[in-house]
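Colleague: Below is one structure. I have some questions about it.
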Amino acid sequence: MLKGTFPIEKFEVLETPFYYYDMALLKETLEVIKAESGKYGYHVHYAVKANANPRILETIAAQGLGADCVSGGEVQAALDAGFPADKVVFAGVGKADWEINLGLDRDIFCFNVESLAELEVINELAAAKGKVARIALRINPEVDAHTHAKITTGLKENKFGINLSLLGKVLDTMQSMNSVRLIGIHTHIGSQITDMSAFRNLAIRMNEIQEELESKGLQVENLNFGGGLGIDYYHPNHLPIPAFDNYFAVFKKLLKLRPGQQVHFEPGRSVVAQCGSLISRVLYVKEGEVKKFAILDAGFTELIRPAMYDAYHRIENISSDEETDIYDVVGPICESSDVFGKDVELNKVHRGDFIALRSAGAYGEVMASQYNCRKLPKAYYSDLL
Ligand code: LLP
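Numbering (the working numbering), first residue to last: 3 to 387.
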C-alpha cells in the first residue's frame with residue numbers, strides 16, 4: 003500500500019516523538035472548503051478544539067474562515083491567530099463568567115447557549131456592561147449520528163443543548179431579558195460521521211424545528227449545524243480530503259431557508275485530521291511467545307484516540323521496505339491501554355525506525371498530556387523543515 007511521503011532525511015536530526023504537519027495538504031483542504039461552501043454562501047467556523055496549534059490556526063484564519071470555540075482559552079487563541087471577532091462563535095455547557103466577559107468585551111459574533119441557567123448569566127453580565135449579547139440556542143435535534151457513543155451528542159438526555167420540549171419555556175423566559183438577542187439556532191449531532199443520512203436527517207429536522215419556532219412567532223437569521231463530518235482513517239493517502247462537496251450539497255438540497263437566512267458550520271476533524279501525523283521511533287522490538295511488540299517512544303500521551311475511543315489510526319513504518327510482519331504497536335506509558343494497534347502489518351521493524359501514526363492532525367496534539375512526567379512534543383511543518 004502507498005505510504006505518505008515524508009522527508010525522512012530531515013527527520014533524522016529531530017527528537018522524537020513529534021507532530022508533523024503537511025501544510026500543502028492543509029491549504030488544499032482549505033481551498034476545497036472555501037470553494038464548496040462558497041457555492042452556497044455558507045459560513046464555516048473552524049472548530050478550534052480539533053487543533054489549536056498557533057501555526058495551524060493562523061493558516062486557517064488567513065484563508066478567511068471563522069472560529070468555533072468552547073472555552074475562553076480557545077476564544078483567546080483564535081483572536082490571537084487572527085480570526086476576526088465577528089466570525090467567532092462560542093459554545094460549551096459550562097462557560098465561566100470570565101469566559102463570557104471575554105466574549106462580550108471582544109464582541110464575538112455569537113454565544114451558542116446550552117441552558118436557561120447560562121442564558122440568565124449571559125443576560126446579567128451583558129447588562130452590567132451595557133451590551134446586548136447575540137445568542138443562538140443549541141437544540142438537541144434528536145438525530146442519531148450513528149457514531150461512537152463517547153462522541154454522539156445530538157440525542158436526548160445529553161449534557162449538551164436544550165431539549166426541544168423545553169424550548170417553549172426558554173423562549174418565554176427570554177421575553178423578559180433585555181441584554182440578549184436571539185439570532186440563531188445551533189445544533190451538533192456528533193463527530194466522525196461518515197453516513198450522510200445523519201446529515202440528511204438533520205437538515206430535514208431543522209425544517210421541522212423552524213416550523214415549530216414559527217408557530218411560536220419566531221424566525222431566526224442564522225442556522226448553525228455544528229461539525230461532525232468524518233474522515234477516512236483507513237486511507238489517508240488515497241482520500242486525504244473529505245467529501246465537502248457532498249456534505250454541503252446535502253444541506254443545499256434539503257434545507258428550506260427563509261429569505262435572508264444564513265447557514266453556518268463548525269467542522270474540526272475534517273479540516274485538520276489528515277494533514278497531521280505523529281512521528282515516533284521504535285525503541286525496541288520485543289519478541290514474546292506468540293506476539294511481536296513494536297515498542298514506540300510515543301504513547302497515548304501524544305495520541306490518546308486509540309486508548310480512549312478504540313479509534314483506528316493507520317500505522318506505517320516509513321523507514322523500511324522489507325517484507326511485512328505482524329506486530330502489536332504499543333507505547334511506553336505504564337498503562338495496558340497504551341496500545342496503538344494490535345496485529346498490525348508493518349514492513350519489518352527495527353530499533354530506530356520511524357513509525358508514522360497517520361490522521362493525527364485532529365484531536366492529537368491538542369489532547370496531549372504530560373502523564374508519566376513526559377515532555378509535550380514539538381510540532382514541525384512541511385514548509386519550514
Ligand atoms: N461543534 C461542536 C459544538 C462540537 O462539540 C464539536 C466537536 C465540533 C463542532 C467539531 O466536530 P468535528 O467536526 O471535529 O467532528 N476528541 C474526539 C472528538 C470530540 C468532538 C467534540 N465536539 C475524537 O478524538 O474523536
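Built from N, CA and C at the ideal position, the CB exists for glycine as well.
Please look up how many angstroms separate the CB atoms of Asp299 and Leu280, rounded, as I've assumed it's under 8 Å.
Modeller: The residue labelled residue 299 in the question sits at position 297 within the sequence shown. The residue labelled residue 280 in the question sits at position 278 within the sequence shown. Beta-carbon to beta-carbon, Asp299 and Leu280 are separated by about 11 Å, too far to satisfy the 8 Å threshold.
Colleague: What's the call for Asn180, buried or exposed, on a 16-neighbour Cβ count within 10 Å?
Modeller: In the sequence shown, the residue the question calls residue 180 occupies position 178. When all chains shown are included, Asn180 counts as exposed.
Colleague: Which same chain residues, not among the five before or five after Lys12, have their C-beta less than 7 Å away from its C-beta?
Modeller: Counting from 1 along the sequence shown, the entry for residue 12 is found at position 10. Within the same chain, Lys12 has close Cβ partners Leu387.
Colleague: Within 10 angstroms of its Cβ, does Met3 collect 16 or more other Cβ (buried), or is it exposed?
Modeller: If you number the sequence shown from 1, residue 3 lands on position 1. Low confidence applies to Met3: its pLDDT is 40, below 50, so where it sits in the model is not reliable enough to give any reading.
Colleague: Which residues in the same chain have their Cβ closer than 6 Å to the Cβ of Asp197, if we skip the five residues on either side of it in sequence?
Modeller: The residue you call residue 197 lines up with position 195 of the sequence shown. If we look at Asp197 and ignore the five residues flanking it on each side, its Cβ neighbours are His148.
Colleague: What is the DSSP secondary structure of Gly132, counted as helix, strand or coil?
Modeller: Residue numbering aside, residue 132 sits at position 130 when the sequence shown is read from its first letter. Of the three classes helix, strand and coil, the one that applies to Gly132 here is coil, per DSSP.
Colleague: Answer yes if the region 243–257 comes into contact with the region 24–34, meaning at least three C-beta pairs across the two stretches below 8 Å, and no otherwise.
Modeller: yes
Colleague: State yes or no: is the C-beta of Tyr23 within less than 8 Å of the C-beta of Ser384?
Modeller: Translated into the one-based positions of the sequence shown, residue 23 becomes position 21. Translated into the one-based positions of the sequence shown, residue 384 becomes position 382. Yes. Within cutoff.
Colleague: Expressed to the nearest angstrom, what Euclidean distance is found between the alpha-carbon atoms of Arg57 and Ala63?
Modeller: To locate residue 57, count along the sequence shown from 1; it is residue 55. To locate residue 63, count along the sequence shown from 1; it is residue 61. When rounded, the distance between both Cα atoms is 10 Å.
Colleague: Would you say Pro261 touches the ligand LLP, meaning its beta carbon is less than 7 Å from a heavy atom?
Modeller: For this step, residue 261 is matched to residue 259 along the sequence shown. Every heavy atom of the ligand LLP is 7 Å or more from the Cβ of Pro261, so no.
Colleague: When we look at the beta-carbon of Val274 and count the other beta-carbons within 10 Å, is it buried (16 or more) or exposed?
Modeller: Here the question's residue 274 lines up with position 272 in the sequence shown. So Val274 ends up on the buried side.
Colleague: Would you list, in sequence order, the uninterrupted alpha helix (DSSP H) runs of no fewer than 4 residues that lie entirely inside the region 318–357?
Modeller: none
Colleague: Please say whether Gly186 and Asn406 have beta carbons closer to each other than 8 Å?
Modeller: Any property of residue 406 remains undetermined from this structure, which presents the chain solely from 3 to 387.
Colleague: Going by Cα to Cα distance, which pick from Arg360, Lys344, Gly290 and Pro334 is closest to Ile320?
Modeller: Looking up residue 320 in the sequence shown gives position 318. It is Arg360 whose Cα lies nearest to the Cα of Ile320.
Colleague: Looking only at DSSP bridge pairs, what is Asp70 linked to?
Modeller: Stepping through the sequence shown from its first residue, residue 70 is reached at position 68. The partner list for Asp70 (beta bridge, DSSP) reads Ala49 and Val91.
Colleague: Where DSSP assigns a beta bridge to Tyr23, which residues make up the other side?
Modeller: For the purposes of this step, residue 23 is taken as residue 21 along the sequence shown, with counting starting at 1. Tyr23 pairs with Gly278 and Tyr383.
Colleague: Give me the Cβ distance between Arg316 and Tyr235, rounded to the nearest whole Å; I'm assuming they're in contact under 8 Å.
Modeller: Your numbering for residue 316 matches position 314 in the sequence shown. Your numbering for residue 235 matches position 233 in the sequence shown. The pair is a contact, with the Cβ atoms about 6 Å apart (cut-off 8 Å).
Colleague: Find out if the Cβ-Cβ distance for the pair Asn53, Ala251 is shorter than 8 Å.
Modeller: Position 51 of the sequence shown holds residue 53. Position 249 of the sequence shown holds residue 251. Contact flag unset, no.
Colleague: Would you check whether the ligand FAD has a heavy atom nearer than 7 Å to the C-beta of Gln78?
Modeller: No copy of the ligand FAD appears in this structure; the ligands present are the ligand LLP.
Colleague: Rounded C-beta distance between Ile163 and Ile141? I'm assuming under 8 Å.
Modeller: Mapped onto the sequence shown, residue 163 falls at position 161. Mapped onto the sequence shown, residue 141 falls at position 139. Checking the sequence shown, residue 163 turns out to be Gly, not Ile. Right, their Cβ atoms sit about 6 Å apart.
Colleague: So for Glu271, helix, strand or coil by DSSP?
Modeller: Position 269 of the sequence shown, counted from the start, is the residue given in the question as residue 271. Note on residue identity: the sequence assigns Arg, not Glu, to residue 271. DSSP places Arg271 in helix when its eight states are reduced to three.
Colleague: In terms of DSSP beta bridges, what is Val265 paired with?
Modeller: Residue numbering aside, residue 265 sits at position 263 when the sequence shown is read from its first letter. DSSP lists Leu225 as partners of Val265.
Colleague: Measure the Cβ-Cβ separation of His45 and Gln264 and say whether it is below 8 Å.
Modeller: Counting from one through the sequence shown, the residue named residue 45 turns up at place 43. Counting from one through the sequence shown, the residue named residue 264 turns up at place 262. Taking 8 Å as the Cβ cut-off, His45 and Gln264 qualify as a contacting pair.
Colleague: Exposed or buried, Tyr449, counting other C-beta atoms within 10 Å across all chains shown (16 or more means buried)?
Modeller: Past the edges of the chain, shown from 3 to 387, lies residue 449, and the structure says nothing about it.
Colleague: Report the option in Asn114, Lys344, Gln177 and Gly278 whose CA atom is closest to the CA atom of Gly366.
Modeller: For the purposes of this step, residue 366 is identified with residue 364 of the sequence shown, where counting begins at 1. Selected option, being the one with the closest Cα: Gly278.
Colleague: Short of 8 Å in beta carbon distance, which residues of its chain neighbour Ser39, apart from the five on each side in sequence? Order them along the chain.
Modeller: Here the question's residue 39 lines up with position 37 in the sequence shown. If you ignore the 5 residues before and after Ser39, its C-beta comes within less than 8 Å of the C-beta of His45, Val46, Phe246, Phe250 and Phe267, all in its own chain and listed in chain order.
Colleague: By the DSSP assignment, the alpha helix (DSSP H) with Ala63 in it spans what residues?
Modeller: Here residue 63 refers to the residue found at position 61 when the sequence shown is read from its first residue. Taken as a continuous stretch (DSSP letters only), the alpha helix (DSSP H) holding Ala63 covers Pro56 to Ala64.
Colleague: Return yes when the Cβ of Tyr373 is within less than 8 Å of the Cβ of Thr303, no when it is not.
Modeller: Stepping through the sequence shown from its first residue, residue 303 is reached at position 301. Stepping through the sequence shown from its first residue, residue 373 is reached at position 371. The Cβ atoms of Thr303 and Tyr373 lie closer than 8 Å to each other.
Colleague: Where do the N-terminal and C-terminal ends of the beta strand (DSSP E) with Gly290 fall, by residue?
Modeller: Within the sequence shown, residue 290 is the residue found at index 288, counting from 1. Counting along the chain, Gly290 falls outside any beta strand (DSSP E), and DSSP gives it neither H nor E.
Colleague: Is Arg360 near the ligand LLP - that is, is its Cβ less than 7 Å away from at least one heavy atom of it?
Modeller: Here the question's residue 360 lines up with position 358 in the sequence shown. False, no ligand heavy atom lies under 7 Å from that Cβ.
Colleague: Excluding the 5 residues preceding and the 5 following Ala129 in the sequence, name in chain order all residues of the same chain whose CB lies nearer than 8 Å to its CB.
Modeller: In the sequence shown, counting from the first residue as 1, residue 129 sits at position 127. Excluding positions up to five away in sequence, the list reads Asn180 and Ser181.
Colleague: For Tyr373, verify whether its CB is less than 7 Å away from any heavy atom of the ligand LLP.
Modeller: Here residue 373 corresponds to residue number 371 of the sequence shown, with the count starting at 1. Checking every heavy atom of the ligand LLP against the Cβ of Tyr373, none is found closer than 7 Å.
Colleague: Using DSSP's beta-bridge definition, name the partner residues of Ala138.
Modeller: On the sequence shown, position 136 is the one that residue 138 refers to. Answer is Asn114 and Gly186.
Colleague: Can you find a heavy atom of the ligand LLP that lies under 7 Å from the Cβ of His45?
Modeller: On the sequence shown, position 43 is the one that residue 45 refers to. Incorrect: His45 has no Cβ contact closer than 7 Å to the ligand LLP.
Colleague: Is the beta carbon of Glu120 within less than 7 Å of some heavy atom of the ligand LLP?
Modeller: Position 118 of the sequence shown holds residue 120. The answer is no for Glu120.
Colleague: Please state the DSSP three-state secondary structure of Leu259.
Modeller: The residue you call residue 259 lines up with position 257 of the sequence shown. Leu259 falls in the coil class under three-state DSSP.
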